[in-house]
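Letter by letter, the sequence shown follows residues 1 to 388 of this note's numbering. Input: a single structure, listed below in structure tokens.
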Amino acid sequence: MVRASRARSGAGPAPARCAGCRTMPLPLPATARPLPARLWLGACALLLLAAALPAEAARLALVVGNDRYQHVTPLRNARNDAQSLAQELQAAGFQVTTVLDGTREQMHDQIDGFLRRIEKGDEVVFFFSGHGSQPPQLGPYLLPVDIKVTGERAIQRDGLSLEQLVDDLNQRARFSLIIVDACRDDPFRATTAGRSLPPGSSLSRIEPPKGSMIIMAASKGQQALDRLGDSDPVPNGLFTRELIKQMRNVGVSAAEMLKRVRSSVETKASAVNHQQRPSLVDESSTDFFFYPPKPGSAVATPGPVQPATLPAAALAPAAQPVPRQGGTPEAAAPAPAPATPANALQAEFELWDRAANSKRREDYEAYLRAYPKGRYAERVREALKQLP
């Protein structure tokens with residue numbers, strides 16, 4: 001260690017010092033001189049201010065789609081729903097984690113990892129499409145694809161408690177939106193093992209804590225429609241397709257948007273003689289937007305929701321509803337395309353939706369003229385081949 005009194009290299013011997021003399025410090029070079037007190041105070045103030053500012057809030061989403069159930073009736077469009085919604089959430093600025101055909105281990109691991117990422121002030125969306133169940137005296141559970149029907153304890157052990165998940169999200173996030181697209185009747189009435197749970201195992205409404213919002217695709221005891229008929233070309237369930245359509249609107253709060261989804265789903269299900277009314281519980285303490293209003297524009301406020309209008313073809317009596325309760329699982333949807341602006345997505349979807357409902361050649365051709373390489377172009381061309 002070099003002492004301060006040591007002579008500099010190349011210099012003569014240090015001068016003698018008398019007893020009692022005060023040691024004079026060597027002058028510091030210009031580059032090492034201390035900053036003026038005012039600059040030090042200013043730097044400290046900036047550091048304290050930066051520490052006091054909250055970190056930028058993140059938008060996080062966990063999306064689960066389970067089709068290929070091994071011991072209960074498989075589904076058809078849950079994976080498609082999850083992938084479609086994941087794409088929309090990415091376009092809205094969310095960091096999305098997607099789980100397809102999740103086993104018990106995968107679902108619990110992904111939930112644990114997702115919860116660890118959430119910080120105070122974050123905005124969080126959780127979406128589940130698949131089977132759910134609620135044994136007597138228990139809360140609602142979301143089911144992995146490898147669950148076995150051996151009784152209520154199996155549901156508690158292997159399922160994902162919706163109530164616990166809501167509480168965990170609420171403790172961490174500023175706002176949490178939980179979306180459950182599952183039948184709310186009993187999925188175990190007919191299983192490969194020939195077993196069933198007691199009556200009354202359908203999902204019940206739960207009351208979320210303050211700061212949360214929950215919407216379920218159907219009311220208690222109802223089945224969520226996978227499609228509006230055997231010829232329905234849209235690869236998403238009724239609830240998810242209406243959710244995607246409404247969430248693209250700029251400047252519409254989540255509370256107002258979900259009321260529109262509920263009205264539209266109920267109207268379209270009724271048109272094919274089916275009862276499906278999404279259940280909405282709103283305990284949010286602040287407005288949440290997928291696409292916030294533009295500066296200077298008005299925010300859409302809740303009011304009377306007008307019923308959705310349907311083309312005549314959608315009201316045809318031949319269209320039979322297909323509940324979300326079975327069938328051979330379809331192949332997974334293609335990987336999401338790059339995100340595009342919300343207004344462009346909305347315009348393309350509306351043109352496609354009009355053609356898919358009317359099934360008229362001129363509407364299909366109008367879509368192809370506007371979007372020859374669009375997201376639905378291949379489906380439109382296939383539909384045109386089926387027309388006489």
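For each residue, glycine too, the CB sits at the ideal point set by N, CA and C. Keep in mind the model is a prediction, meaning the values are calculated, not measured.
Flag this pair as yes or no: are the beta carbons of residue i and residue j separated by less than 7 Å?
{"i": "Leu280", "j": "Ile215", "result": "yes"}
{"i": "Val124", "j": "Ser176", "result": "yes"}
{"i": "Met107", "j": "Leu160", "result": "yes"}
{"i": "Ala173", "j": "Ile111", "result": "no"}
{"i": "Gly121", "j": "Ala57", "result": "yes"}
{"i": "Arg243", "j": "Val272", "result": "Per the sequence presented here, residue 243 reads as Leu, with Arg not at that position. No. Outside cutoff."}
{"i": "Glu283", "j": "Lys210", "result": "yes"}
{"i": "Val64", "j": "Phe128", "result": "yes"}
{"i": "Arg354", "j": "Asp363", "result": "yes"}
Considering only DSSP beta bridges, list what residue i is partnered with.
{"i": "Tyr141", "result": "Ser133 and Ser161"}
{"i": "Gly151", "result": "DSSP output for Gly151 lists no bridge partner at all."}
{"i": "Glu468", "result": "Any answer about residue 468 is impossible in this case: the structure gives the chain only from 1 up to 388."}
{"i": "Thr97", "result": "Leu62"}
{"i": "Ile244", "result": "Bridge partners of Ile244: none, in fact."}
{"i": "Phe128", "result": "Val64 and Val180"}
{"i": "Asp168", "result": "Answer is none; Asp168 lacks a bridge partner."}
{"i": "Val281", "result": "Ile214"}
{"i": "Phe289", "result": "Ser253"}
Please name the residue, chosen from the options, that lies closest to residue i on a Cα-to-Cα basis.
{"i": "Ala218", "options": "Lys245, Gly159, Val265 and Gly121", "result": "Val265"}
{"i": "Tyr291", "options": "Asp168, Tyr69, Gly93 and Glu350", "result": "Gly93"}
{"i": "Ala153", "options": "Asp167, Leu165 and Pro135", "result": "Residue 153 is actually Arg in this sequence, not Ala. Answer by Cα proximity: Pro135."}
{"i": "Gly251", "options": "Phe289, Ala366, Lys245 and Asp168", "result": "Phe289"}
{"i": "Arg104", "options": "Asn66, Leu387 and Phe126", "result": "Asn66"}
{"i": "Gln222", "options": "Val166, His274 and Gln246", "result": "His274"}
{"i": "Glu256", "options": "Asp232, Pro233, Asp226 and Asp287", "result": "Asp287"}
Look at the alpha carbon of residue i and the alpha carbon of residue j, and state the distance between them as a whole number of angstroms.
{"i": "Asp181", "j": "Ala224", "result": "7 Å"}
{"i": "Ile147", "j": "Gly113", "result": "21 Å"}
{"i": "Ser285", "j": "Asn170", "result": "12 Å"}
{"i": "Leu138", "j": "Asp158", "result": "14 Å"}
{"i": "Arg68", "j": "Gly102", "result": "9 Å"}
{"i": "Ala383", "j": "Arg248", "result": "26 Å"}
{"i": "Pro74", "j": "Pro295", "result": "46 Å"}
{"i": "Ser270", "j": "Glu350", "result": "21 Å"}
{"i": "Thr98", "j": "Gly130", "result": "14 Å"}
{"i": "Lys220", "j": "Arg369", "result": "43 Å"}
{"i": "Val380", "j": "Ala356", "result": "8 Å"}
{"i": "Leu85", "j": "Ala254", "result": "15 Å"}
{"i": "Lys373", "j": "Thr267", "result": "32 Å"}
{"i": "Gln83", "j": "Leu62", "result": "11 Å"}
{"i": "Ala347", "j": "Gly151", "result": "48 Å"}
{"i": "Arg360", "j": "Leu60", "result": "40 Å"}
{"i": "Val166", "j": "Lys245", "result": "25 Å"}
{"i": "Ala377", "j": "Tyr371", "result": "7 Å"}
{"i": "Asp230", "j": "Arg116", "result": "42 Å"}
{"i": "Asp394", "j": "Pro293", "result": "Any question about residue 394 goes unanswered here, given that the chain covers just 1 to 388."}
{"i": "Gln386", "j": "Trp352", "result": "16 Å"}
{"i": "Pro149", "j": "Ile155", "result": "According to the sequence displayed, residue 149 carries Val and not Pro. About 8 Å."}
{"i": "Ala168", "j": "Pro233", "result": "Here residue 168 turns out to be Asp, not Ala, going by the sequence shown. Going from the Cα of Asp168 to the Cα of Pro233 covers about 38 Å."}
{"i": "Pro388", "j": "Phe126", "result": "43 Å"}
{"i": "Tyr367", "j": "Ser358", "result": "12 Å"}
{"i": "Gln70", "j": "Leu100", "result": "14 Å"}
{"i": "Arg241", "j": "Asp226", "result": "10 Å"}
Closer than 6 Å to a non-hydrogen atom of the ligand SAM - does that hold for the CB of residue i?
{"i": "Asp282", "result": "This structure lacks the ligand SAM, and indeed carries no ligand of any kind."}
Legend entry - Given 8 Å, three or more beta-carbon pairs between the region 75 to 93 and the region 142 to 154: no
Inset, instruction - For the region 231 to 250 and the region 71 to 82, state whether three or more C-beta atom pairs, one from each stretch, are separated by less than 8 Å. - result: yes
Legend entry - Three or more C-beta pairs below 8 Å linking the region 260 to 267 and the region 276 to 295: yes
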